[in-house]
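Okay, so here's the structure we're looking at.
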Amino acid sequence: MSHHKVEVKNLHYTYPDGHKAVNDLSFQIHHGESVGIIGANGAGKSTLLLLLMGVLFPSQGEVCVGDVHVTKKTLPNIRQRMGMVFQDPDDQLFMTTVYDDVAFGPRNYKLDEKEVEQRVLQALEMVGILHLKDRAPFKLSGGEKRSAAIASVLSMHPDILIMDEPTAALDPKSRRRVMRLLKSFEHTKIITSHDLDMVFELCDRTIVINKGEIVVDGLSSEILANAELLDTCGLEMPLGLQNCPICGITVKNEK
Amino acid sequence: MANIMNSLYDMRLLDDLARKETFIHRLHPMVKLVITIVYLIAVVSFDRYEIGALLSFLFYPVLVFAFAELPIASILKRVLLIEPFIIGIGILNPFFDHQLIVIGGITISRGWVTFLSLFIKCGLTVTAALLLIATTGMDRLAGALRMLKIPRLFVLQLLLTYRYISVLMEEVARTLRAYSLRAPAQQGIHRSVWGSLAGQLILRTFERAQRVYQAMCLRGFTGEYLTGVNEKIKTLDVAYLVAWILFFAVARIYNIPMLIGLLITGVIK
Ligand SMILES: Nc1ncnc2c1ncn2[C@@H]1O[C@H](COP(=O)(O)OP(=O)(O)OP(=O)(O)O)[C@@H](O)[C@H]1O
Ligand SMILES: [Mg+2]
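Here it is, written out as structure tokens:
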């Protein structure tokens, strides 16, 4: 199945103020793959995701979803198949209740109200915030907002799920829940995160970005165990792979 | 900066109130919209010197307050916010209109009468508009406007402005909070940073609005704001509509307070 493939060729992006955020990126993500995109703050991860979603358009190069180029014309079609969770949930929630917010996407696709309700309740259930459905989003805590933002994308049943730091600001239980959720999601996933343990657990493949360029692209199990490489990109090995600080065996990444 | 945060929460109060489940809330939004429009026209159409007859129009807000279980104080507070403007507009009336009239044995200038009637009219109309929002909610109201064939663009503009205001106010509140935490000893904001702070606010709110809009587009927003409710007008709605319109018509044509007064004095005689 090639229709959920995401392909990026020689992608460049410069912000209007002249800041070069993405510099000659190329990669291919196949159907059903789950890919972690990691890199230091300001490496260009969020910018890359916005380019994939067609929110920003590349200054050079191209993005293809399936076999379709992302252009203004093909956007409505492409967006129906991709769902993106923003880094800042406040950008995503603007209706008066959590329920209406989660229902916003399905309603835009003109589903009938029964189906909308079923999807909303299912999405809320999946992220475990069914009890918040009648609350106003601006009155929620940071983590609750994030769960609501994830639900608002899940309710659209996307084929490709794109998430910008899905586990930031979540408590350990909610983080687990989101991770389990992502694991059960069989379609293509693209996740950026500083939570390298999560990337290690969820993504078979990792792309490391530094200053807008790809440093390595390969198996998570190899990249995330390579302390030297991670260190040069301003990262650290996942805690799960580091030696136990209490047993006292030398920590690998402090050469 | 607590006052700004408070007014933000205040603003959302109408949204919260609109989610109540009373008989008034469940009425069809279009019915409430039409009643409010008729009410506004009726109140505004009174002559400048008729205060007595105007009073029967108090009946409508009082009943809605009671049946919709709305907090009177917090809504009246909002009405009072508007009144200073009216005082500003109307305060010159007593100086221009010197003719004297006699009401109940007291002689006053007609200017004061027109001023008072302006004040009351404003109070009644603003209250009616707020009650409409507080019992219907902006989303359903927009649906009603669409049903009345108001162009999509206008309705959308109204809705998004209403939504964005709160989003933008949050941004303002956050910026100010960040400022006040780092300048704890100051009262208000120092003159020297007004410029940069204002510039920041404009840029930030602009960026924020843009990101919210992007997020909406990603979820399939194409310009039609769908709220999912597609209500049918029931007999109860029609009855409610007819009852109020009849009352407004009667109250507009006859001076009900005077009639009641006559009736009572007639009985006494
Ligand atoms: N709107 C903008 N205008 C100009 N430059 C921007 C804008 N947004 C981001 N940048 C710059 O582009 C670069 C990449 O930003 P981006 O948000 O993609 O980083 P990121 O990898 O997501 O970082 P983080 O981990 O902190 O979220 C940064 O150096 C940033 O300063
Ligand atoms: Mg980012």
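Going line by line, the protein sequences match chains V and W.
So for the first sequence, our numbering puts the first residue at 484; every next one is plus one.
So for the second sequence, our numbering puts the first residue at -10; every next one is plus one.
We treat Cβ as the ideally placed atom computed from N, Cα and C, and that holds for glycine.
Everything numeric in this text was worked out from a predicted model, so none of it was measured.
{"query": "Which of helix, strand or coil DSSP assigns to M484/V", "result": "Residue placement at M484/V is poorly supported in this model, since its pLDDT is 47, which falls under 50; the coordinates are not used for a value here."}
{"query": "Assumed close pair T114/W, P18/W - CB separation to whole angstroms, cut-off 8 angstroms", "result": "Actually they do not touch by this definition, with Cβ atoms about 19 angstroms apart."}
{"query": "Residues proximal to ligand 1 by C-beta, any heavy atom closer than 6 angstroms", "result": "Y498/V, D500/V, H502/V, A504/V, G522/V, N524/V, G525/V, A526/V, G527/V, K528/V, S529/V, T530/V, Q570/V"}
{"query": "Residues that DSSP places opposite E490/V in a beta bridge", "result": "Q511/V, C547/V"}
{"query": "8 angstroms Cβ cutoff, D678/V in contact with chain W", "result": "no"}
{"query": "Close beta carbons around I249/W, own chain, < 8 angstroms, minus the five adjacent residues each side", "result": "none"}
{"query": "S630/V burial status per 10 Å Cβ neighbour count (16 or more: buried)", "result": "buried"}
{"query": "Buried versus exposed call for K428/V [16 or more other C-beta atoms within 10 Å across all chains shown]", "result": "Nothing about residue 428/V can be reported from this structure: the residues present for chain V run from 484 to 738 only."}
{"query": "is_contact[V161/W, chain V] using C-beta, thresh 8 angstroms", "result": "no"}
{"query": "Beta-ladder partner(s) of E696/V, from DSSP", "result": "N693/V"}
{"query": "Chain V contact for V156/W (CB, 8 angstroms cutoff)", "result": "yes"}
{"query": "For R180/W, three-class secondary structure by DSSP", "result": "helix"}
{"query": "Of the listed residues S667/V, V691/V, M662/V, nearest to E684/V (C-alpha basis)", "result": "M662/V"}
{"query": "Any chain A beta carbon closer than 8 angstroms to V553/V", "result": "Considering every chain present, this structure includes no chain A. Its protein chains are V and W."}
{"query": "Beta-bridge partners of G566/V, as assigned by DSSP", "result": "L644/V"}
{"query": "Where E737/V sits in the DSSP three-state scheme", "result": "Bear in mind that a pLDDT of 41 at E737/V, under 50, signals an unreliable position, so the model cannot answer this."}
{"query": "Reference R659/V, options D680/V, L644/V, L532/V, closest by Cα", "result": "D680/V"}
{"query": "Distance CB(L604/V)-CB(L613/V) smaller than 8 angstroms", "result": "yes"}
{"query": "Simplified DSSP state of V553/V, which is helix, strand or coil", "result": "coil"}
{"query": "Rounded Cβ spacing between L634/V and V610/V (contact assumed at less than 8 angstroms)", "result": "The amino acid at residue 634/V is misidentified as Leu; the sequence shows Ala. Going by Cβ atoms, the distance from A634/V to V610/V rounds to 5 angstroms, so yes, they are a contact pair."}
{"query": "Segment limits, beta strand (DSSP E) that includes V518/V", "result": "517 to 521"}
{"query": "Same chain, Cβ closer than 7 angstroms to C437/V, neighbours up to 5 away in sequence not counted", "result": "This structure cannot speak to residue 437/V, because chain V is shown only from 484 to 738."}
{"query": "Any non-hydrogen atom of ligand 2 closer than 7 angstroms to D678/V Cβ", "result": "no"}
{"query": "Residue-chain proximity (R590/V, chain W), Cβ-Cβ < 8 angstroms", "result": "yes"}
{"query": "Candidates G701/V, Q511/V, A632/V, of which the one nearest A651/V by Cα", "result": "A632/V"}
{"query": "Members of the stretch 106 to 124 of chain W that neighbour chain V once the beta carbon cut-off is set at 7 angstroms", "result": "none"}
{"query": "Beta-carbon proximity list for S542/V, same chain, < 7 angstroms, skipping 5 on both sides", "result": "H495, Y496, T497"}
{"query": "Contact with chain V by V201/W, beta-carbon distance below 8 angstroms", "result": "yes"}
{"query": "Own chain residues within Cβ distance below 8 angstroms of I40/W, not counting five before or after", "result": "V102, L105, S106, I109"}
{"query": "Near-chain W residues of the stretch 602 to 635 of chain V - C-beta to any C-beta below 8 angstroms", "result": "D617, A619, F621, S635"}
{"query": "Any chain V beta carbon closer than 8 angstroms to M(-10)/W", "result": "Because the pLDDT of M(-10)/W is 47, which lies under 50, any placement of that residue in the model is unreliable, and the number read from its coordinates should be weighed accordingly. It does not; no Cβ of chain V falls within 8 angstroms."}
{"query": "D595/V: CB within 7 angstroms of a non-hydrogen atom of ligand 2", "result": "no"}
{"query": "Any non-hydrogen atom of ligand 2 closer than 7 angstroms to D647/V Cβ", "result": "yes"}
{"query": "Distance, G188/W Cα to T164/W Cα", "result": "12 angstroms"}
{"query": "Cβ contact check for the stretch 218 to 232 of chain W and the stretch 562 to 574 of chain V: 3 or more pairs under 8 angstroms", "result": "no"}
{"query": "Cβ-Cβ distance between I90/W and I97/W below 8 angstroms", "result": "yes"}
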